[in-house]
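Worksheet: the structure to be examined is printed underneath.
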Amino acid sequence: MDMVERESWASRAGFILAATGSAIGLGNIWRFPYITAESGGAAFLAVYLLAVIVIGIPAMLVEFTVGRGGKRNVVDVYERIGHGKWKFVGFLGLFTGFWLLSYYSVVGGWVFRYIVGSVTGAYFGDPSAYFGAISTGVDAIAFHLLFMALTVVIVAYGIERGIELATKVMVPAIVLLMIVLAIWASTLPGSAGGYQFYLTPDLNTLTTNFWSILPDAVGQALFSLSLGMGVMITYSSYVARDESLWGDSVSIVFLNTFIGVLAGFVVFPLLFAQNVDPGSPGPGAIFVSMANAFAELPAGQLLGAIFFGVVGIAALSSAISLLEVVVAYFVDNTGYSRPVIAAGAGTAMFLIGVPSAIDTAILGQFDAIAANLLLPLGAFLITLFVGWVYAESAVAELSKGTGEGYNPLDLGWLWHIRTLLLVAVAGTLLVSLLNLLG
Ligand code: TRP
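What the sequence shown shows, in my numbering, is residues 55 to 492, in sequence order.
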């Protein structure tokens, strides 16, 4: 299908916003506060921020050098850059795409349901019973279908008219609304406890739990930055001109971390203001506790609708990146049109997600396997390839667009990913495997 001209982003800002839209999602708002709470609050936050800089930025550059270097989908890109043997890593990425979006869409469906529930005030009487009622069964399946259908429609429109246009509107909206929500949360009586929990690291917690905090922090850094399955390979494959990849990745990582940290500034003060225990685990934690807070607050219906609306937009702009990885492969390799492929893949993912919409325990299993196993495995293999096989070309690709020739930072990056990054990701994988095996 080389005859057809490959699509590309209309602008550099379009690419950065789309990648940021992919990164900012349920991982920042649903997963991050819950994992932070479980892992000791501020102590976890400190390690996570470190992981974002030491692991996140270099790992994103790993994917960018492959994607922009080969300008192909996650599978064929390896052949394109002369290393066809590695295309199994791409197939793992496709598999992870189907796996991850199948349950991500179920959670996205819950969010949509909570927008409706906020407007009608349906969860105000008994937030925890409400979650139980809508999180599984016919309701959950219906909203899972709605969420997946919207994702399909955006991806069907393609790169420039679909994903770029949608995220150009979505990302600024998320940033603005999160700032407003964080300011509002700070005015609530009782919010101080939330800041205390979130921002005052307890050295004791850190030292005693360091070896469990570390892999959680690395896993969360990968998940929240959309790394480890080829989203950033796919998105950077649509970059037409050579600009500084360093600049792009630092912008994306900064924006994503800003929103993640801001989500904590919304969620924790709110929870403490309402005396809700932030540590109650399970995929429903954030829904039940936020609903509890809105049920008590003045104008809770409006505020709830705004909050879940923002989360819904963030979830959608991430979901389209997951679907795009799969769609890009079939667009490059079959004669079917983009809309037909998007609808077909979306239908398959919807069906794979039905068990998760029937039983939240199954959803929890899908999430654990994705975040703790599939993503670290993918990140490990891509880094192994780029660090030790693609190495020289990767450095050459990285140094394009950064002014005259070679930059010592680029070589530093290569040795960093060959050693520290590889060990960190492999260690995370090992610890997760041991945990999963009991
Ligand atoms: N980063 C997104 C979030 O935080 C989720 C996501 C989208 C993702 N694409 C991904 C995670 C690819 C891992 C890999 O919600």
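Quick reminder that beta carbons are idealized off the backbone N, C-alpha and C, glycines included. From a predicted model like this one, the values you see are computed outputs, not experimental measurements.
In terms of Cβ geometry, V129 and Y383 form a close pair [threshold 7 Å]. The DSSP assignment places complete alpha helix (DSSP H) segments of no fewer than 4 residues inside the region 296-370 at 299-327, 339-350, in order along the chain. Distances from the alpha-carbon of F178 to those of G432, V440, L356, E214 put L356 closest.
Contact annotation: S62 and A396 have beta-carbon atoms that are not nearer than 7 Å.
T456 sits in coil when the DSSP states are folded into three classes, being neither helix nor strand.
Here L428 has L146, F149, T150, W153, L154, G282, M283 as same chain residues with Cβ atoms under 8 Å from its own Cβ, once five neighbours each way along the sequence are excluded. Taking the Cα of I217 as reference, the smallest distance to any Cα among V381, D413, F251 is reached at V381. For A176, there is no enclosing alpha helix (DSSP H), as DSSP marks it with neither H nor E. The region 296-316 makes contact with the region 113-124, as at least three CB pairs between them are under 8 Å.
By the neighbour-count criterion, in which a residue is buried when 16 or more other Cβ atoms sit within 10 angstroms of its Cβ, S391 is exposed.
Annotation: R60 to Y132 spans about 17 Å, alpha carbon to alpha carbon.
Between the C-alpha atoms of F341 and A359 there is a straight-line separation of about 13 Å.
Each residue's CA atom was taken as its position, placing G68 and I83 some 23 Å apart.
Here M224 is not near S76, since their CB atoms are 7 Å or more apart. Around the CB of L488, fewer than 16 other CB atoms lie within 10 Å, so the residue is classed as exposed.
Shown here for S278: same chain residues with a beta carbon closer than 7 Å to its own, the five before and five after excluded, namely A77, G81, N82, F86, N310, G314 in chain order.
Not one heavy atom of ligand 1 is found less than 6 Å from the C-beta of V131. Taking the C-beta atoms as reference points, F308 is found no nearer than 7 Å to Y252.
Not a single heavy atom of ligand 1 lies less than 6 Å from the C-beta of V479. Three or more pairs of CB atoms, one per stretch, sit closer than 8 Å, so the region 267-274 contacts the region 87-97.
Here the distance from the Cβ of L219 to the nearest heavy atom of ligand 1 is not below 6 Å.
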